[in-house]
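For the sequence shown, UniProt numbering assigns the number 1 to the initial residue and increments by one for each residue that follows.
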Amino acid sequence: MVSPLDHKLLRDLMRMKGQAAAIAAVIAMGVLLQVMMGGLVNTLEETRKAYYDRYRLADVFASVTRAPERMLDRVAEIPGVAGAEARITGGALIDIAQGELPIRAQVVSLPDLGRPRLNDFYLTRGRAPDPGHDDEIMLLEGFATARGLSPGDRLVATMNGAKRAFRITGLAQSPEFLYTTAPGELVPDDTRYAVIWMRQAALAAAYDMRGAFNQALVVLDHGAEVDGVVDALDRLLDDYGASGAYGVALQASNRFVTQEIEGLSAVSKGIPPIFLAVAAFLLYIVISRMVQAEREQIGLLKAFGYTGWEVSLHYLKFVLLIAIIGAVLGSIGGIATGRAMAGFYQLYFKFPFIVFLLDPKSFLIGFVVSIAAASGGSLFVLRRVFALTPAVAMRPPAPVDYSGSRQIAGVLKRFLDQPSRMVLRRILRHPGRTAGSVIGISAGMALSVASLTLMHGFERTIDVTFTELDRSDMTLSFIQPISQNGAYALARVPGVLHVEPVREVPAILRNGLKTYNGALNGRVAHPILGRVVDDNTRPIAIRADGVIVARSLADILGLEAGDTLTVEVREGRRPVLRLPVIEVANTLMGAPVYMRIDALNRVLKEPGRISGAYITVDEAHEKGIIQAIKGMPKVAGVSQKESARNSLEELMNTGPGFMRYIMTIIAGIITFGVVYNAARIAYAERERDLASLRVIGFTRGEAAFVLLGEMGVVTLLALPLGLAMGFAIAHAMVSRFSTDIYQIPVDFSPSAYGAALLAVLIATLISGWLVKRDLDRADLVAALKTRE
Numbered sequence: 001m002v003s004p005l006d007h008k009l010l011r012d013l014m015r016m017k018g019q020a021a022a023i024a025a026v027i028a029m030g031v032l033l034q035v036m037m038g039g040l041v042n043t044l045e046e047t048r049k050a051y052y053d054r055y056r057l058a059d060v061f062a063s064v065t066r067a068p069e070r071m072l073d074r075v076a077e078i079p080g081v082a083g084a085e086a087r088i089t090g091g092a093l094i095d096i097a098q099g100e101l102p103i104r105a106q107v108v109s110l111p112d113l114g115r116p117r118l119n120d121f122y123l124t125r126g127r128a129p130d131p132g133h134d135d136e137i138m139l140l141e142g143f144a145t146a147r148g149l150s151p152g153d154r155l156v157a158t159m160n161g162a163k164r165a166f167r168i169t170g171l172a173q174s175p176e177f178l179y180t181t182a183p184g185e186l187v188p189d190d191t192r193y194a195v196i197w198m199r200q201a202a203l204a205a206a207y208d209m210r211g212a213f214n215q216a217l218v219v220l221d222h223g224a225e226v227d228g229v230v231d232a233l234d235r236l237l238d239d240y241g242a243s244g245a246y247g248v249a250l251q252a253s254n255r256f257v258t259q260e261i262e263g264l265s266a267v268s269k270g271i272p273p274i275f276l277a278v279a280a281f282l283l284y285i286v287i288s289r290m291v292q293a294e295r296e297q298i299g300l301l302k303a304f305g306y307t308g309w310e311v312s313l314h315y316l317k318f319v320l321l322i323a324i325i326g327a328v329l330g331s332i333g334g335i336a337t338g339r340a341m342a343g344f345y346q347l348y349f350k351f352p353f354i355v356f357l358l359d360p361k362s363f364l365i366g367f368v369v370s371i372a373a374a375s376g377g378s379l380f381v382l383r384r385v386f387a388l389t390p391a392v393a394m395r396p397p398a399p400v401d402y403s404g405s406r407q408i409a410g411v412l413k414r415f416l417d418q419p420s421r422m423v424l425r426r427i428l429r430h431p432g433r434t435a436g437s438v439i440g441i442s443a444g445m446a447l448s449v450a451s452l453t454l455m456h457g458f459e460r461t462i463d464v465t466f467t468e469l470d471r472s473d474m475t476l477s478f479i480q481p482i483s484q485n486g487a488y489a490l491a492r493v494p495g496v497l498h499v500e501p502v503r504e505v506p507a508i509l510r511n512g513l514k515t516y517n518g519a520l521n522g523r524v525a526h527p528i529l530g531r532v533v534d535d536n537t538r539p540i541a542i543r544a545d546g547v548i549v550a551r552s553l554a555d556i557l558g559l560e561a562g563d564t565l566t567v568e569v570r571e572g573r574r575p576v577l578r579l580p581v582i583e584v585a586n587t588l589m590g591a592p593v594y595m596r597i598d599a600l601n602r603v604l605k606e607p608g609r610i611s612g613a614y615i616t617v618d619e620a621h622e623k624g625i626i627q628a629i630k631g632m633p634k635v636a637g638v639s640q641k642e643s644a645r646n647s648l649e650e651l652m653n654t655g656p657g658f659m660r661y662i663m664t665i666i667a668g669i670i671t672f673g674v675v676y677n678a679a680r681i682a683y684a685e686r687e688r689d690l691a692s693l694r695v696i697g698f699t700r701g702e703a704a705f706v707l708l709g710e711m712g713v714v715t716l717l718a719l720p721l722g723l724a725m726g727f728a729i730a731h732a733m734v735s736r737f738s739t740d741i742y743q744i745p746v747d748f749s750p751s752a753y754g755a756a757l758l759a760v761l762i763a764t765l766i767s768g769w770l771v772k773r774d775l776d777r778a779d780l781v782a783a784l785k786t787r788e
């Protein structure tokens, strides 16, 4: 049997359905983000683990120049090594079409019989190359799809200086190549970089590696230490040109995937709680003011004999019902959006399958915070109301002493009309209530400001990288370091306007116990095309007495100007250098270390060597330049800036970068819910007053102005506070989105702040229009009656 109080509960819900829906929407958005992101992190971590285990990704990679196959037995004898496999890898150039730059590729050997024991592949179409068929290859699916290639097609590739024609037999994916970038590049581009698999005998013949290998893959015993095995491998293979073994944690593809998942995990732990906390705070303000407005009804219920517990339970049911509905809707929405985003991330990370796994803690956090905020807000106010006797509670609260505001009102009386003075009096006489509304609206606005600032930060990274730092048209890399005369040869090609040589050397960078696999980047003293800039995007000259480190690397290794960086060079004579850090640069892509090119060549004892060049070209001669570059046998690859920019934009607009759009939408919904709730509460509190004004002769417009004027003033007061709070939240958000691959700055963005302001003002106008519509339709006689 339904009790009278439950009947009242249902009537109140129907009467306040718009406001209840807005409150539930605010809660739902906070819970949705929590559930979605928690599930995504679990899903991606579980999928990665399953993929790595199923296709046996190696634990350690060790590259050499050339080692005899018998050394693999020595590798397998190292303590902690459970198994090892040798293979051959090399670089290649694919010639796709006339007039197009050659495409870089990595060629990887397959065992002559069977499948690889480590770093296996997932066949998506066709078949693997047959043993004994030297012209058969298998392509990475991402590249083949981007270029419209299928099994049965043919392509021409240059391997070890010789052009060869191949037939594609199949397309594949691999846990080793989830994130594929050309050497020296940071951003993947499926149209410009490929992976080719061939049988080992065919690849050995192409690269003169019969009876030898140039990369060992190692799997470790359970509990074995990676660092110990890596050191043993380096010592064992040192005589064979070892470039430095490394664990899977430093493998390029795995490092990217791991950092993206860790970044998403950090976002899931830091961002949803902010949204949920704002939603909880808003719910607390709304519920406390709602219960305060029911003061007289509470007194009447107590006078009818209901106990304080029964009345408390009634109001708790009311607020908990709204909170639970919001949390349930948020959970359902979180599951649905989580599944959709999981499919999106499957394409982004190139997983062949996805293991969807929800996070129970996310549901628990969402429900607990929502219920705690709802019950806390109501109990806080009910505690004060229940302290009163029924007779006192049934009467309106005793008037507040307004004498303090009399002087201000007297001064403004000469400048304001009657409705404006009524607005001002209410604001001044209820400072606590006004402050709550201001803080609530500003908190909702802060989420929009933070989300829009984050979006601007992504755009800023792209703009700085390709406008301030890279001012070239093309970037060339060579198969191996060549004489600087190669730069002069480039400059003589018709249409080449400027050539700026660079020297990049792979190295292990150390500061104490912290290490990073990176490179030394040699630049000219005053680079024009490949610039280095400070925090104000002013160019930095490259000095010969030390190195300039990127801020991201400085944070990773704990470096600052004046410290000493230890550099273990991994090519040539492989010296160990101790170089002073003279400045920290604002490089938003990667974690480079810059050094004067002549000073770098001097410490390497290789004067006048370059490994690549930035060039600018005359567009009218572009086709001729491409043909000239194709005829240069020492060129390993070419990158066009426009293509690289498009790839970076695609990277930042997918995966974790796409999350900022969802957060912006959720922030917008919360902002509207906050403003609408504030308007509805103000109307509910003053419904009888506004009806009285209509009865004594105020027009609809004048009566509406008394309500909407207060709402407008409160919104204007909230704007600057919302901007400040949003900027603070933005700082917390961007630190969780940034990785050592790309960093997101927090800059003052007039467009972002303007958009957030506009969103709040639009929400205010819509909310005001909805409230005014109800005010115009109000039954004055019913409104003046007491509901009791």
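C-beta atoms are modelled at their ideal positions from N, C-alpha and C, and glycine is treated no differently.
Bear in mind that the values here come from a model prediction, so they are computed numbers and not experimental data.
Q: Would you check if there are 3 or more beta carbon pairs closer than 8 Å linking the stretch 447–461 to the stretch 745–764?
A: Taking 8 Å as the limit for Cβ pairs, the verdict is that the stretch 745–764 does touch the stretch 447–461.
Q) How many angstroms separate the CA atom of Gly91 from the CA atom of Gln106? A) Computed Cα separation, rounded: 5 Å.
(Q) Looking at chain B, is there any beta carbon in it that lies within less than 8 Å of the beta carbon of Ala327? (A) Absent from the structure is chain B; it holds one protein chain and no more.
Q. Candidates Arg609, Thr537 and Ala561: which alpha carbon is nearest Ile548's?
A. The candidate whose alpha carbon is nearest that of Ile548 is Ala561.
Q. For His498, which three-state DSSP category applies?
A. His498: strand per DSSP, three-state reduction.
Q) Should Ala50 and Leu217 be called a contact, given that it needs their Cβ atoms to be closer than 8 Å? A) With respect to the 8 Å criterion, Ala50 and Leu217 are not classified as neighbours on the basis of their beta carbons.
**Q.** CB of Val760 within 8 Å of CB of Val675, strictly
**A.** Result yes, Cβ atoms of Val760 and Val675 sit closer than 8 Å.
Q.
Between the alpha carbons of Ala182 and Val638, how many angstroms are there, rounded?
A. Straight-line Cα distance between these residues: approximately 10 Å.
Q) So, using beta-carbon positions, are Arg56 and Leu123 closer together than 8 Å? A) Not closer than 8 Å, so no.
**Q.** Through-space distance from Val695 to Glu296, alpha-carbon basis
**A.** In a straight line, the C-alpha of Glu296 is about 23 Å away from that of Val695.
Q: Please classify Phe748: does DSSP put it in a helix, a strand, or coil?
A: Phe748: coil per DSSP, three-state reduction.
**Q.** Option in Arg199, Thr664, Leu93 and Met36 with minimal Cα separation from Arg115
**A.** When only C-alpha atoms are compared, the closest one is Arg199.
Q: Please determine if the stretch 2–16 and the stretch 325–345 are in contact, where contact requires at least 3 C-beta pairs separated by less than 8 Å.
A: Too few Cβ pairs lie closer than 8 Å, so no.
(Q) Please classify Asn521 as buried or exposed, where buried requires at least 16 neighbouring CB atoms within 10 angstroms. (A) Residue burial annotation: Asn521 is buried, with at least 16 other C-beta atoms found within 10 angstroms of its C-beta.
Q: Check Leu719 in the structure and name its three-state DSSP category.
A: Note: Leu719 maps to helix in three-state DSSP.
**Q.** DSSP-derived helix/strand/coil call for Asn511
**A.** Correct three-state label for Asn511: strand.
Q. Near Ile666, what residues of its chain come up, given a Cβ to Cβ distance below 6 Å and the 5 sequence neighbours on each side ignored?
A. Once the five neighbours on either side are set aside, the close Cβ partners of Ile666 are Met29 and Leu33.
(Q) With the cut-off set at 8 Å, would you say Asn517 and Ile528 are in Cβ contact? (A) No, the Cβ-Cβ distance between Asn517 and Ile528 is not below 8 Å.
Q) Beta carbon of Asp112, beta carbon of Pro129: below 8 Å? A) Contact flag unset, no.
Q. Ends of the alpha helix (DSSP H) at Lys17?
A. Here the alpha helix (DSSP H) through Lys17 covers Lys17 to Arg54.
**Q.** Three-state class that DSSP yields for Arg787 in the structure shown
**A.** Confidence at Arg787 is low in this model, with a pLDDT of 49, below 50, so its placement is unreliable and the value that follows should be read with caution. The answer is coil: DSSP assigns Arg787 none of H, G, I, E or B.
(Q) Let me check one thing: in DSSP terms, what residues is Arg538 bridge-paired to? (A) In the DSSP output, where bridge partners are listed per residue, Arg538 has none listed.
Q | Range covered by the alpha helix (DSSP H) that runs through Asp95 | A | DSSP places Asp95 outside any alpha helix (DSSP H); the residue lies instead in the beta strand (DSSP E), whose first and last residues are Thr89 to Asp95.
**Q.** DSSP-derived helix/strand/coil call for Met209
**A.** Secondary structure at Met209: coil, using DSSP grouped into helix, strand and coil.
Q | Three or more C-beta pairs below 8 Å linking the stretch 240–253 and the stretch 137–150 | A | Taking 8 Å as the limit for Cβ pairs, the verdict is that the stretch 137–150 does not touch the stretch 240–253.
Q. What's the gap between the Cα of Ser437 and the Cα of Arg503?
A. Each residue's alpha carbon lies about 60 Å from the other.
Q. Does DSSP classify Ala84 as helix, strand or coil?
A. It is a strand residue.
Q. Quick one: is Arg531 buried, meaning 16 or more other Cβ sit within 10 Å of its Cβ, or exposed?
A. Classified as buried, Arg531 has 16 or more neighbouring CB atoms from the shown chains inside 10 Å of its CB.
(Q) Strictly by DSSP, which residues pair up with Pro580? (A) Thr564.
(Q) Cutting at 7 Å between CB atoms, please list the residues of its own chain near Ile540, excluding the five before and the five after it. (A) Cβ contact annotation for Ile540 (same chain, cutoff 7 Å, sequence separation greater than five): Val532, Val533, Asp534, Ile548, Glu583 and Ala585, in chain order.
Q. Would you call the stretch 171–182 and the stretch 610–623 touching, i.e. three or more CB-CB distances under 8 Å?
A. The stretch 171–182 is not in contact with the stretch 610–623.
Q | Cβ contact (3+ pairs, closer than 8 Å) linking the stretch 33–43 and the stretch 330–339 | A | They touch, by the three-pair rule.
Q: Evaluate Tyr348 with the Cβ neighbour count: other Cβ atoms within 10 Å of its Cβ, from every protein chain shown; 16 or more gives buried, anything less gives exposed.
A: Around the Cβ of Tyr348, a 10 Å sphere holds 16 or more other Cβ atoms; the residue is buried.
Q: With DSSP as the reference, label Ser370 as helix, strand or coil.
A: When DSSP states are grouped into helix, strand and coil, Ser370 belongs to the helix group.
Q | Endpoints, alpha helix (DSSP H) assigned at Ser312 | A | Looking at the DSSP string, the run of the alpha helix (DSSP H) that includes Ser312 is Gly308 to Phe349.
Q.
Suppose the cutoff is 6 Å on Cβ atoms and the five residues either side in sequence are ignored; what does the same chain contact list for Arg736 look like?
A. If we look at Arg736 and ignore the five residues flanking it on each side, its Cβ neighbours are Ala266, Val267 and Gly270.
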